[in-house]
Amino acid sequence: MKKQSESSQNAESDIFNEAKRLLLVIAASFIMALNINSFIHAGNLIPGGFNGITLLIQQIGNEFFNIKIPYTAVNLLLNAVPVFISFKFIGKKFTGYSCLMIVLSGILTDILPGYAVTQDILLVCVFGGIINAFAISLCLFAHATSGGTDFIAIFFSEKYGIDTWNYIFVGNVLILLLAGALFGWTEALYSIIFQFTSTQVLHQIYRHYQKETLFIITEKPEEVYVEIKNITNHDATLFKGVGCYKKQECNMLYSVVGSDEIRKVVAKIREVDEHAFINTMKTEQITGRFYKRPND
């Protein structure tokens with residue numbers, strides 16, 4: 001009976017988690033489509049990434065060939081290769097939800113009306129970038145992506161354990177320079193402000209692929225280690241030393257955890273040992289064995 005009850009609870013939890021993922025992807029798709037049709041179109045911006053390339057192709061078709069190119073068709077075509085890479089190397093469900101995001105956001109972009117919230121181009125860049133980052137973050141919290149360069153960023157983060165979002169920003173700037181050469185530099189330069197805002201806000205909201213190093217001096221190393229292990233599934237190393245001031249033996253635990261886990265870990269350490277001395281440092285890159293929650 002106990003096993004059946006646990007199995008039933010696990011099934012309910014799985015259903016709840018999948019429903020939450022679905023709702024987050026739908027919300028992200030809706031917000032992204034509204035942002036494209038309102039802020040981005042209002043400022044004639046190129047947002048970077050595959051969305052930006054799609055809008056750039058649409059603009060080229062309209063300006064040079066007088067052809068109205070549908071957003072969805074181009075975006076799906078551009079994402080074909082990244083989707084294949086994601087399916088093979090990242091995860092099947094992850095790719096499935098990402099495909100839903102790509103298709104749904106594309107369809108909504110084609111059918112939803114646009115509304116110019118403001119004509120101030122600087123406000124369009126800043127708030128459009130914030131909304132863009134929020135939409136992408138919702139998608140990432142659902143363990144999916146908005147497609148294109150996000151697939152690439154996550155692939156390299158999973159494979160090499162590095163935060164690649166700023167590198168993606170550099171690639172987006174190159175796209176915007178092409179747009180500037182074709183259609184004028186004013187909108188292209190404003191688009192860089194939009195993309196920079198989006199990248200920095202995303203960097204603050206979604207911290208899963210960022211790492212922090214913990215140095216903890218504590219009188220209860222075993223209890224502290226257990227909390228780190230339970231919360232993060234990461235190991236720790238115990239160093240024995242001598243405090244220079246009091247000349248007393250002390251224990252220092254060293255561990256690397258995800259930035260999104262750091263607050264919970266520090267709070268638990270404080271519960272175990274309120275006198276613990278905790279130093280956290282941002283970690284740029286790690287090599288070697290490091291536990292990563294696998295994408296499904």
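Numbering-wise (full-length UniProt numbering), the sequence shown opens with residue 1 and increments by one.
Ideal Cβ placement from N, Cα and C applies to all residues, glycine included.
Under 8 Å by Cβ, that's how I've got Ser198 and Ala133 pegged, so tell me the actual separation to the nearest angstrom.
On the sequence shown, residue 198 is found 198 positions in, with the first residue counted as 1. On the sequence shown, residue 133 is found 133 positions in, with the first residue counted as 1. So it is a contact: roughly 5 Å between Cβ atoms.
Alpha carbon of Ile107 to alpha carbon of Asn233, nearest angstrom
For the purposes of this step, residue 107 is identified with residue 107 of the sequence shown, where counting begins at 1. For the purposes of this step, residue 233 is identified with residue 233 of the sequence shown, where counting begins at 1. Rounded to whole angstroms, the separation of the alpha carbons of Asn233 and Ile107 is 40 Å.
Is it buried or exposed for Ile53, if we count other Cβ within 10 angstroms and need 16 for buried?
Counted from its first residue, the sequence shown places residue 53 at position 53. Buried, because 16 or more other Cβ atoms sit within 10 Å of the Cβ of Ile53.
DSSP-derived helix/strand/coil call for Asn132:
Mapped onto the sequence shown, residue 132 falls at position 132. Asn132 falls in the helix class under three-state DSSP.
Does the Cβ-Cβ distance between Phe155 and Ile85 come in under 9 Å?
Looking up residue 155 in the sequence shown gives position 155. Looking up residue 85 in the sequence shown gives position 85. Yes, these two residues count as a Cβ contact at 9 Å.
Need the endpoints of the beta strand (DSSP E) that Leu253 sits in, please.
As a position in the sequence shown, residue 253 is number 253, starting the count at 1. Run containing Leu253: 249-258, per the beta strand (DSSP E) assignment.
Local Cβ density within 10 Å of Ala179, reported as buried at 16 or more and exposed below that:
Sequence index remark: in the sequence shown, residue 179 carries index 179 (1-based). Buried, since its Cβ has 16 or more Cβ neighbours within 10 Å.
Which listed residue (Ser105, Asn51, Asn44, Gly147) has its alpha carbon closest to that of Glu63:
Residue mapping note: residue 63 aligns to position 63 of the sequence shown, counting from 1. Closest option to Glu63, Cα to Cα, is Asn44.
Contact check, Ile46 vs Ile175 under 8 Å by CB: the rounded distance?
To locate residue 46, count along the sequence shown from 1; it is residue 46. To locate residue 175, count along the sequence shown from 1; it is residue 175. 7 Å between Cβ atoms; contact.
Round the Cβ separation of Tyr254 and Phe215 to the nearest angstrom and send it over; I've been treating them as touching at under 8 Å.
The count along the sequence shown starts at 1 and reaches residue 254 at position 254. The count along the sequence shown starts at 1 and reaches residue 215 at position 215. Taking a contact as a CB-CB distance under 8 Å, the pair Tyr254 and Phe215 counts as one, their CB atoms being some 6 Å apart.
Reference Ile36, options Lys20, Leu112, Ala27, Lys92, closest by Cα:
Locating residue 36 in the sequence shown gives position 36, where the first residue counts as 1. Ranking Lys20, Leu112, Ala27, Lys92 by Cα distance to Ile36 puts Leu112 first.
When the Cα atoms are used, what is the spatial distance from Gly91 to Tyr97?
The residue you call residue 91 lines up with position 91 of the sequence shown. The residue you call residue 97 lines up with position 97 of the sequence shown. Gly91 and Tyr97: Cα-Cα distance of roughly 10 Å.
Can you tell me where the alpha helix (DSSP H) with residue 330 in it begins and where it stops?
Nothing about residue 330 can be read from this structure; the chain reaches only from 1 to 296.
Buried or exposed (CB count within 10 angstroms, at least 16 for buried), Asp14:
Working through the sequence shown from its first residue, we reach residue 14 at position 14. With fewer than 16 Cβ atoms within 10 Å of its Cβ, Asp14 is classed as exposed.
Pick from Ser137, Thr118, Phe151, Gly129 that is closest to Val81, judged by C-alpha positions
Locating residue 81 in the sequence shown gives position 81, counting from the first residue. Minimum Cα distance to Val81 is reached at Phe151.
As assigned by DSSP and simplified to three states, the class of residue 315
Look at the range of the chain in this structure, 1 to 296, and you will see that residue 315 is not part of it.
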